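**Student:** Residue numbers (the working numbering): 57 to 431. Backbone N, C-alpha and C define an ideal beta-carbon position, used for all residues, glycine too. No experiment lies behind these values; they were computed from the predicted model shown.
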RNA sequence: GGGUAGGUUGAGCAGGUGGUGAGCUCCGCUGACUGUAGAUCAGCCGUCUUCGACUGUGGGGGUUCGAUUCCCUCCCUGCCCA
């Protein structure tokens, strides 16, 4: 029996589909957004907060958790779900992103990556096999193959080299899968080069992965380049029935763009990261809770939002909390942003069914265009 | 009343022995953040017409080419004595 099953039906919107991913810990309506809980916590939020916000699946991270508290300890304590008291589905990143973001702390070779721990400077080794072992110990519902992403602006030779390494690591990741109840997703790389992306889709989609992730995007390239790359990947995948996960995306305007091009799953730190410094997302665009003008605003962050922060608190109160550096500020802002983002995804799903998708997409584009339009 | 130490841009300071005081930390203002080394980081933070210029060292006066510095006087604050 497959660890996860995915059923999806096409819609009238481009390559968009409406689907359902069933995992050992529950189901996910797609397209869906997964809040990121790198260190076994979606920063500032309890599992109850996440459930109330409508979260169906969250992320954990191989690199961080293997260093602390260590995968072995999590396993001894009953696995990641029990450890963090999140009963729903969990996807674990393989640590591939850290190969990219911690560039100055690592050395890459064909076998794997050697890191200097950002915590204590100790030498750490991550290979496809070890990444899969860690994820098996964590017990996530979906494990990610160990990949290497690079700046798409690098010379094509280097982008191709990292991509080909990713393909070899994909095979090894799949061969090293540790448990039958855990799905494994492969990751397509290739920067913003159409030819490389097509080659990468061919190399990854031909393997027995349970899902296909698109990595290496939203790392500085333009919105247009990301959309064009998603078009290429979408064409190359054709009617491949597996779930498609766009890694590390996105901002409010990115979701519709990607959904139209066939994406089913998203994850991104943005809603929680920006929330902690006072930026909240609303139907009218974004709002900086530190702005002086909000100190006298008795209204909620977003009148259309049903989250705890919007139900119970005013912008003026939030503005005060951030000004006073009270931890409730980042917490309530995180509650709101995750709730709002998940609600946006719900509206987009509804829109795919009833024809209002374009209207939702355009409203968000107008509200956020000023900020997130791109280069 | 006497003595003493002080008064520097919102706050707290640094510096300054007659020769360029706009330097720091807070506060404040604005922005950034995309598979989280991020409750972080960046810019601004006297005024203006801002690649520059002007003003500013408690108030007033004096000496001087030139005063934050020297002199006179007044005001304010802390501490000690009476």
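Take residue 77 as the anchor and find which of 198, 98 and 180 has the nearest alpha-carbon.
**Tutor:** Position 21 of the first chain holds residue 77. Here the closest residue by C-alpha is 198.
**Student:** Beta-carbon separation of residue 152 and residue 204 under 8 angstroms?
**Tutor:** What you label residue 152 is simply residue 96 of the first chain in a count that begins at 1. What you label residue 204 is simply residue 148 of the first chain in a count that begins at 1. Against a cut-off of 8 angstroms, the Cβ pair of residue 204 and residue 152 comes out as a contact.
**Student:** Closest by CA to residue 279, which one among 307, 255, 320 and 216?
**Tutor:** Along the first chain, read from residue 1 onward, the residue named residue 279 stands at position 223. It is 307.
**Student:** I'd like to know whether the C-beta atoms of residue 303 and residue 276 end up nearer to each other than 8 angstroms.
**Tutor:** Taking the first residue of the first chain as 1, we reach residue 303 at position 247. Taking the first residue of the first chain as 1, we reach residue 276 at position 220. Contact check for residue 303 against residue 276 fails: the beta carbons are separated by 8 angstroms or more.
**Student:** What are the boundary residues of the beta strand (DSSP E) that includes residue 142?
**Tutor:** For the purposes of this step, residue 142 is taken as the residue at position 86 of the first chain. It is not in any beta strand (DSSP E) - residue 142 carries neither H nor E in the DSSP assignment.
**Student:** Which one of 138, 206, 342 and 375 has the shortest CA to CA distance from residue 194?
**Tutor:** As a first step, residue 194 must be located in the first chain, where it is residue number 138. Out of 138, 206, 342 and 375, 138 has the C-alpha closest to the C-alpha of residue 194.
**Student:** Can you tell me where the alpha helix (DSSP H) holding residue 388 begins and where it ends?
**Tutor:** Here residue 388 refers to the residue found at position 332 when the first chain is read from its first residue. Element bounds for residue 388: 384-410.
**Student:** Using beta-carbon positions only, say whether residue 209 and residue 226 come within less than 8 angstroms of one another.
**Tutor:** If you number the first chain from 1, residue 209 lands on position 153. If you number the first chain from 1, residue 226 lands on position 170. In this structure, residue 226 does not lie closer than 8 angstroms to residue 209 by Cβ.
**Student:** In terms of residues, what are the limits of the beta strand (DSSP E) holding residue 336?
**Tutor:** Indexing the first chain from 1 puts residue 336 at position 280. That run of the beta strand (DSSP E) goes 335-338.
**Student:** What residues in its chain sit with their C-beta under 6 angstroms from that of residue 122, if we drop five residues either side in the sequence?
**Tutor:** The residue labelled residue 122 in the question sits at position 66 within the first chain. Same-chain partners within the cutoff: 190.
**Student:** Which one of 273, 173, 382 and 265 has the shortest CA to CA distance from residue 253?
**Tutor:** Stepping through the first chain from its first residue, residue 253 is reached at position 197. Ranking the options by Cα distance to residue 253, first place goes to 273.
**Student:** Have a look at the DSSP bridge pairing and note the partners of residue 66.
**Tutor:** Residue 66 sits at position 10 when you count from the first residue of the first chain. Bridge partners of residue 66: 73.
**Student:** With DSSP collapsed to three states, give me the class of residue 425.
**Tutor:** Taking the first residue of the first chain as position 1, residue 425 is located at position 369. Helix at residue 425.
**Student:** Rounded to whole angstroms, what's the CA-CA distance from residue 408 to residue 362? Just pull it up for me.
**Tutor:** What you label residue 408 is simply residue 352 of the first chain in a count that begins at 1. What you label residue 362 is simply residue 306 of the first chain in a count that begins at 1. Each residue's Cα considered, the two are about 22 angstroms apart.
**Student:** If distances are taken between C-alpha atoms only, which option among 410, 345, 399 and 339 comes closest to residue 420?
**Tutor:** For this step, residue 420 is matched to residue 364 along the first chain. Checked all of 410, 345, 399 and 339; the closest Cα to residue 420 is 339.
**Student:** If you follow the alpha helix (DSSP H) that residue 103 is in, where does it begin and where does it stop?
**Tutor:** The residue given as residue 103 occupies position 47 in the first chain. Annotation: the continuous alpha helix (DSSP H) that includes residue 103 extends over 103-109.
**Student:** Using only CA atoms, which one of 110, 145 and 127 lies nearest to residue 80?
**Tutor:** The residue you call residue 80 lines up with position 24 of the first chain. For residue 80, the closest C-alpha among the options 110, 145 and 127 is that of 145.
**Student:** Roughly how many whole angstroms lie between the Cα atoms of residue 60 and residue 413?
**Tutor:** Counting from one through the first chain, the residue named residue 60 turns up at place 4. Counting from one through the first chain, the residue named residue 413 turns up at place 357. Rounded to the nearest angstrom, the two C-alpha atoms are 28 angstroms apart.
**Student:** Rounded to whole angstroms, what's the CA-CA distance from residue 393 to residue 335? Just pull it up for me.
**Tutor:** Reading the first chain from its first residue, position 337 is the one you call residue 393. Reading the first chain from its first residue, position 279 is the one you call residue 335. Between residue 393 and residue 335, the C-alpha separation is close to 9 angstroms.
**Student:** Can we say the stretch 89-104 touches the stretch 164-175, given the rule of at least three CB pairs closer than 8 angstroms?
**Tutor:** Output reads no: the stretch 164-175 does not touch the stretch 89-104.
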